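Undergrad: Just passing along the structure, written as structure tokens.
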Amino acid sequence: QAVPNKTLTLPFGLDPGDRYGESVATASRFIAVGIPGRDENRGEVVIWERTGNRTGTGDYVFRTALTGPPGPALPPASRFGGAVSLREWSDGSVLLMVGARGDDEFGAQSGSVHFFRWQPGNAASEWDFLGTSYAPEPEIGAQFGFSVAAGDAGGVAGAPFQNTFIEVKGKKPTLLNNAGAAANLVP
49 QAVPNKTLTL PFGLDPGDRY GESVATASRF IAVGIPGRDE NRGEVVIWER TGNRTGTGDY
109 VFRTALTGPP GPALPPASRF GGAVSLREWS DGSVLLMVGA RGDDEFGAQS GSVHFFRWQP
169 GNAASEWDFL GTSYAPEPEI GAQFGFSVAA GDAGGVAGAP FQNTFIEVKG KKPTLLNNAG
229 AAANLVP
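Sequential numbering from 49 applies to the sequence shown in the working numbering.
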């Protein structure tokens, strides 16, 4: 049986270039939608909750907007929300990974990944910040957090523009520009 399409209409306006829906993820009763172009490309992630039962009936209700980790705002062009992933854990909590590929903590567009968790007993708008991860070898322009995937014990993040050295036995190491990299992360 087909489930009718539902439009997730925000309770606030969008500006040209906000890119609402550039990334989306779902787990349990939640939907996360990235808006990486919002607020001078600082970015934002909005959380929707499905009301009703698990068969798809009911509506989606806007619950919260996350703009990054607690503390000072992310710098312009961080693109927080350019990648999102949700994963329900066995205890009923839900992990949210958010990529911010333009974060400049270790140089322009070195990137970062931010972890949040919703726990049973919390209101649907209460997502606890768990921490931020950076590439094991941060590099300018690598865009760590360009892609993210949450798993049972943490997650994986991609850095498609990371330079990589390869070694072939008996030959000089070769630098592969923009060869990419992936890193396993634990919040």
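Backbone N, C-alpha and C fix where the C-beta goes; we use that ideal spot for every residue, glycine too. A quick note: this is a predicted structure, and the numbers were derived from the prediction, not measured.
Going straight from the alpha carbon of E121 to that of K54, what length do you get?
TA: In the sequence shown, residue 121 corresponds to position 73, counting from 1. In the sequence shown, residue 54 corresponds to position 6, counting from 1. As written in the sequence, residue 121 is Ala, which differs from the Glu given in the question. Their Cα atoms are separated by approximately 32 Å.
Undergrad: Starting from D176, follow the beta strand (DSSP E) in both directions and report where the run begins and ends.
TA: Counted from its first residue, the sequence shown places residue 176 at position 128. D176 to S181 is the span of the beta strand (DSSP E), which, as asked, contains D176.
Undergrad: Helix, strand or coil for R165? Go by DSSP, reduced to three states.
TA: Start at 1 with the first residue of the sequence shown, and residue 165 comes out as number 117. Note: R165 maps to strand in three-state DSSP.
Undergrad: I need the straight-line Cα distance from G141 to W166, nearest angstrom please.
TA: Reading the sequence shown from its first residue, position 93 is the one you call residue 141. Reading the sequence shown from its first residue, position 118 is the one you call residue 166. The sequence given here has Ser at residue 141, not Gly. For S141 and W166, the distance between alpha carbons rounds to 6 Å.
Undergrad: Rounded to whole angstroms, what is the Cα-Cα separation between R86 and G100?
TA: Against the sequence shown, residue 86 aligns to sequence position 38. Against the sequence shown, residue 100 aligns to sequence position 52. Spanning the two alpha carbons is a distance of roughly 31 Å.
Undergrad: Should S173 and E136 be called a contact, given that it needs their Cβ atoms to be closer than 7 Å?
TA: Here residue 173 corresponds to residue number 125 of the sequence shown, with the count starting at 1. Here residue 136 corresponds to residue number 88 of the sequence shown, with the count starting at 1. No. Outside cutoff.
Undergrad: Given a threshold of 16 other Cβ atoms within 10 Å of its Cβ, counted over all protein chains shown, does G179 qualify as buried or as exposed?
TA: Counting from 1 along the sequence shown, the entry for residue 179 is found at position 131. So G179 ends up on the exposed side.
Undergrad: Just tell me which of L58, D151 and F209 has its CA closest to the CA of N89.
TA: Mapped onto the sequence shown, residue 89 falls at position 41. The shortest Cα separation from N89 among L58, D151 and F209 belongs to D151.
Undergrad: Exposed or buried, what is P59 when buried is set at 16 or more other beta-carbons lying within 10 Å of its beta-carbon?
TA: Working through the sequence shown from its first residue, we reach residue 59 at position 11. Result: exposed.
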